[in-house]
Amino acid sequence: MFDSSVFKKLEKNDFRVLTGIEIGMRNYQWVLSDTLSSFSRLPTSEVTYRINRLLKFGLIKRTTMPYTGYRIHFGGYDVLALGRLTRRGLSAIGENIGVGKESVVYEGIYDSEPVILKFHRAGYTSFKQVARQRDIGQEHHWVFVAKRAAERERDALAMLQNTVRVPGIIDYNRHVVVMTVANGSELSKTTVDDPDWFLDGIIEQIRKIYAVGFIHADLSEYNVFASPEGVEIIDWPGYVTTMHPDAEFLLTRDVRNVLTFFNRKYGVVREFDEVVDYVKCGNGQLDHEHTATDAPIT
Ligand SMILES: Nc1ncnc2c1ncn2[C@@H]1O[C@H](COP(=O)(O)OP(=O)(O)O)[C@@H](O)[C@H]1O
Ligand SMILES: [Mg+2]
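If you count the sequence shown from 1, you need to add 1312 to reach my numbering.
Set out below in structure tokens:
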């Protein structure tokens, strides 16, 4: 988990060496310290000193096989993103408010406003399994997978901003998305007085999302916030477009998750097929000016 005391201790040259390792990782699984001297434009002795600090802070990892090399650790990627975001408006990072299987979420302050910082972790856990199976370096690639997930979430929030109720996108860097704080609380953590009204609100959102060519694909009571103003849908990196080969399956799964939840918790009964038909009826205005891309099918 992110340790803000480490971030405060870092100096300019720590960032230069860390950035050098990040650049080197585009081409090498483990980055040689010799190459770091040129990537970071610092003398070898300074690089060595900085590497030892970064190791001590747990921001990078070292291997000695088959040669001595370094890789960024999640903490290192976190501070690089925070360094950049701080220069652009982030002034504080506060409580950790959520640890999902794919992310770690914090409160923060950006341009004097409260915000949410979502650090993507996708690829880390799942990669370990793949790495074990295939006998390859355990952390290879997770940086890129996490960054890709953050990019997808940023794109989804940006594209849907004017159409549906989603958090506003404020900034993005590497694997971190900065967004507005969703109103209310998650459906899973609250009991609402008027479940029919909230369920109608969610179905309406699914319809609008579908009408502009998207499907959330991970919709459930954990990713919907409810407040007196209505619902807000979070957690977007898994979205697909309605052109995706699994679109039908993912759309119906989203609808089913929501209907099942309202049925179990509140006894609300809705006809599944009718809801799916209703959601689809608004289709016909696919907007492919968007830069939407579907995740590769694996
Ligand atoms: N914009 C937001 N406003 C308020 N809380 C949020 C926001 N985004 C995420 N969270 C909190 O963090 C948790 C995890 O975020 P989420 O986007 O759902 O990622 P994950 O893929 O890990 O489930 C959420 O369940 C919620 O409690
Ligand atoms: Mg979630």
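Think of the CB as a built atom: it goes at the ideal place given N, C-alpha and C, for glycine as much as any other residue.
As the structure is a prediction and not an experimental result, all values here were calculated from the model.
Q: Pull up the distance between the alpha-carbon of Asp1390 and that of Asn1485, whole angstroms please.
A: 10 Å
Problem set entry | Distance cut-off 6 Å: Ser1500 Cβ against heavy atoms of ligand 1 | no
Distance, Cα to Cα, Arg1374 vs Asp1506?
55 Å
Got a sec? Which residues, its chain only, sit under 6 Å from Ile1335 by beta carbon, not counting five neighbours each side?
Phe1351
Requested in this report: Mark Ser1316 as exposed unless 16 or more other C-beta atoms lie within 10 angstroms of its C-beta, in which case mark it buried.
Outcome: exposed
Original post:
By the 10 Å Cβ neighbour count, where 16 or more other Cβ atoms means buried, how is Ile1409 classified, buried or exposed?
Top reply: exposed
Note to self: Do Val1536 and Ile1527 have their beta-carbon atoms positioned less than 7 Å apart in this structure?
What the structure shows: no
Proximity to Thr1396 [Cα-Cα], best of Leu1563, Val1488, Lys1501, Arg1383: Residue identity check: residue 1396 is Arg in the sequence provided, not Thr. Residue Val1488 is the option with its Cα nearest to Arg1396.
_Let me confirm a value: Arg1400 is counted as buried when at least 16 other C-beta atoms fall within 10 Å, else exposed. Which label applies?_
exposed
Considering only heavy atoms of ligand 2, list every residue whose Cβ is less than 6 Å from one of them, following chain order.
Those residues, listed in chain order, are Gly1412, Tyr1534, Asn1535, Asp1547.
- Query: In the structure shown, what three-state DSSP assignment does Asp1447 receive?
  - Reply: Confidence is the limiting factor: at Asp1447 the pLDDT is only 42, short of 50, which leaves the residue's position unreliable, though a coordinate-based value still follows. When secondary structure is reduced to three states using DSSP, Asp1447 falls in the coil class, being assigned neither helix nor strand.
* Is it the case that the Cβ atoms of Val1570 and Ile1521 are separated by a distance below 7 Å? -> no
* To do: Ignoring anything shorter than 4 residues or poking outside the stretch 1313 to 1401, list the alpha helix (DSSP H) runs there in chain order.
  => 1316 to 1321, 1324 to 1336, 1345 to 1352, 1356 to 1368, 1386 to 1400
**Prompt:** Closer than 6 Å: is that where the CB of Glu1414 sits relative to any heavy atom of ligand 1?
**Reply:** Yes, the Cβ of Glu1414 comes within 6 Å of a heavy atom of ligand 1.
TODO: On a CA-only basis, which of Lys1324, Lys1577, Val1490 is nearest Lys1430? Give me that one, please.
DONE: Val1490
Taking the straight line between their C-alpha atoms, what separation do you get for Ser1349 and Asn1364?
14 Å
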